[in-house]
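Here full-length UniProt numbering is used: the sequence shown runs in plain steps of one and ends on residue 276.
To start, the structure under review is shown below, and the notes come after it.
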Amino acid sequence: MTLRAFFDAGEPAIHVRLTGVRGSSPREAGAEMFVSASGLCDTIGGGQLEYMAIDKARAMLRCGETTAEMDVPLGPEIGQCCGGRVTLSLTRMTKADRDAALAADAERRAALPHVYVLGAGHVGRALAAFFQSLPVRCILVDSRADELAQSRADVEKREAAVPETVIRAAPPGSAFIVLTHDHALDFLLTAEALARGDASYVGLIGSATKRARFERYCASETPAAAMAQLTCPIGAAGSADKRPEVIAAFVVAEVMAQITGPAPAAKGAANTAAGN
Numbered sequence: 001m002t003l004r005a006f007f008d009a010g011e012p013a014i015h016v017r018l019t020g021v022r023g024s025s026p027r028e029a030g031a032e033m034f035v036s037a038s039g040l041c042d043t044i045g046g047g048q049l050e051y052m053a054i055d056k057a058r059a060m061l062r063c064g065e066t067t068a069e070m071d072v073p074l075g076p077e078i079g080q081c082c083g084g085r086v087t088l089s090l091t092r093m094t095k096a097d098r099d100a101a102l103a104a105d106a107e108r109r110a111a112l113p114h115v116y117v118l119g120a121g122h123v124g125r126a127l128a129a130f131f132q133s134l135p136v137r138c139i140l141v142d143s144r145a146d147e148l149a150q151s152r153a154d155v156e157k158r159e160a161a162v163p164e165t166v167i168r169a170a171p172p173g174s175a176f177i178v179l180t181h182d183h184a185l186d187f188l189l190t191a192e193a194l195a196r197g198d199a200s201y202v203g204l205i206g207s208a209t210k211r212a213r214f215e216r217y218c219a220s221e222t223p224a225a226a227m228a229q230l231t232c233p234i235g236a237a238g239s240a241d242k243r244p245e246v247i248a249a250f251v252v253a254e255v256m257a258q259i260t261g262p263a264p265a266a267k268g269a270a271n272t273a274a275g276n
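What follows is the structure in C-alpha cells.
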C-alpha cells in the first residue's frame, strides 16, 4: 500500500519512527511506519518489536494519547535475538504531519534509482512484476504495444520505436537490463548503455557465447574497461531452471545488490581483504 492510499482511507494515524539503535537491529535509525486502526504502511522491521509498536499505536488511537516513547531490548525477553536495543517515537498525526509525510515520500520516490527493463517479453514482464514492490523506479520499454499491454505490473510502461533514445535520456546511475526480441537490437542497446559510463548495472540476457559475439560486435568501439561493466549472462549465479520467473528472481537480486551496495559486514570483509 502506498502512503497516499493509506492516508486516503481517512483514518486517524500514528507515525512510528525508529529514533535510536544500539547494537543489532532489523532496521536502521530513521525507519518508520504508519499505523491506523485497520491499516499499516511501511515497516520498522517486523517481528515482536513491530507487533509491540502496532499494539501501542492502536492503544494511543483508542485513548486519545498524542505522543509516546518506547525503549525496547531486542533479546529473548521479547522473542527476538538481534541482541540490540532500540528507541521508538510514536506521534498522532495532524493534517500538517500527513502533508509533510506525503511531501517527503514524493521526494524519496523522485530520488529512487531508475531500472530500465528493455524488452517486455516473458522475462521482462516477470522482472517488472518483481521490481514493482522494490525501492526503485522501474521503466518497462518495448517498441511493441501489444507486449507492453500484457504486463500487469504497476510500473511505468514506455512504448519506444527507438529505444536507444530512452537509454540516452536516463539519469546517471541508472540500471539497464537488455532482453529484447532481437539479438541485433540487444547488441545496439547494450553498447549504448555501456557507452554512457555511469550506469550502476548493464545486463544482457543470453549465454557466454552471446557475450563473446557481443564483444566481437563492438570490439573497436567499446573500451575494455567499459566491457568489464557488462553482466552477461544475467543471473548466472542462480538456478539451472530457465523459467522466466526464476530467471527474473535471480536477476533482480543481482541488480539490487549493485544498486544498494554490499551489506556492512561484506564491506568490512572487503576492506580486510584489501589490507585497509
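Virtual Cβ for every residue (Gly too), placed ideally from N, Cα, C.
Small disclaimer: the values here were computed from a predicted structure and weren't measured.
| query | Would the segment 95-104 and the segment 121-139 be scored as touching if the rule is three or more Cβ pairs under 8 Å? | reply | no
| query | When the Cβ atoms of the segment 106-114 are set against those of the segment 166-183, are three or more pairs found closer than 8 Å? | reply | yes
| said: Using CA atoms only, rank isn't needed, just tell me which of 148, 75 and 8 is closest to residue 26. | reply: Within the sequence shown, numbered from 1, the residue matching residue 26 stands at position 26. Answer by Cα proximity: 75.
| query | So what does DSSP say about residue 47, is it helix, strand or coil? | reply | Position 47 of the sequence shown, counting from 1, holds the residue named residue 47. It is helical.
| Below 8 Å, can you find three or more Cβ-Cβ pairs linking the segment 27-41 to the segment 3-19? | yes
| With burial defined as no fewer than 16 other Cβ atoms inside 10 Å of the residue's Cβ, what is the status of residue 232: buried or exposed? | For the purposes of this step, residue 232 is taken as the residue at position 232 of the sequence shown. Residue 232 should be labelled buried.
| query | Who pairs with residue 34 in a beta bridge, going by DSSP? | reply | Here residue 34 is taken as the residue at index 34 of the sequence shown, counted from 1. According to DSSP, which records beta bridges pairwise, residue 34 is partnered with 15 and 41.
| query | Distance, Cα to Cα, residue 192 vs residue 147? | reply | Residue 192 sits at position 192 when you count from the first residue of the sequence shown. Residue 147 sits at position 147 when you count from the first residue of the sequence shown. Approximately 23 Å between the Cα atoms of the pair.
| query | What separation, rounded to the nearest whole angstrom, lies between the Cα atoms of residue 159 and residue 198? | reply | Residue numbering aside, residue 159 sits at position 159 when the sequence shown is read from its first letter. Residue numbering aside, residue 198 sits at position 198 when the sequence shown is read from its first letter. Distance between the alpha carbons of residue 159 and residue 198 is about 24 Å.
| task | Put residue 88 into one of helix, strand or coil per three-state DSSP. | result | Within the sequence shown, the letter at position 88 stands for residue 88. It is a strand residue.
| query | Does DSSP classify residue 244 as helix, strand or coil? | reply | For this step, residue 244 is matched to residue 244 along the sequence shown. Looking at residue 244 - three-state DSSP - the assignment turns out to be helix.
| said: If you reduce the DSSP assignment to three classes, tell me which class residue 162 lands in. | reply: Counted from its first residue, the sequence shown places residue 162 at position 162. The answer is coil: DSSP assigns residue 162 none of H, G, I, E or B.
| request: Kindly list the residues whose CB is nearer than 6 Å to the CB of residue 260, restricted to its own chain and excluding five residues on each side of it in sequence; keep chain order. | output: Taking the sequence shown and counting its residues from 1, one reaches residue 260 at position 260. Result list for residue 260: empty, nothing under 6 Å.
| Run through DSSP, which three-state label would residue 260 get? | As a first step, residue 260 is located in the sequence shown; it is residue number 260 there, counting from the start. Note: residue 260 maps to helix in three-state DSSP.
| Whole-angstrom distance between residue 149 and residue 180, CA atom to CA atom | The sequence position of residue 180 within the sequence shown is 180, counting from 1. The sequence position of residue 149 within the sequence shown is 149, counting from 1. Their backbone Cα atoms lie some 16 Å apart in a straight line.
| query | Short check: CB of residue 139 to CB of residue 164, under 8 Å? | reply | Numbered from 1 along the sequence shown, position 139 holds the residue referred to as residue 139. Numbered from 1 along the sequence shown, position 164 holds the residue referred to as residue 164. In this structure, residue 164 does not lie closer than 8 Å to residue 139 by Cβ.
| Given residue 202, which residues of its chain have a CB within under 7 Å of its CB, disregarding the five upstream and five downstream residues? | In the sequence shown, the residue the question calls residue 202 occupies position 202. Same-chain partners within the cutoff: 176, 190, 193, 194, 229, 230 and 231.
| said: Suppose you measure from the CA of residue 209 to the CA of residue 12; what does that come to, to the nearest Å? | reply: The residue you call residue 209 lines up with position 209 of the sequence shown. The residue you call residue 12 lines up with position 12 of the sequence shown. Computed Cα separation, rounded: 58 Å.
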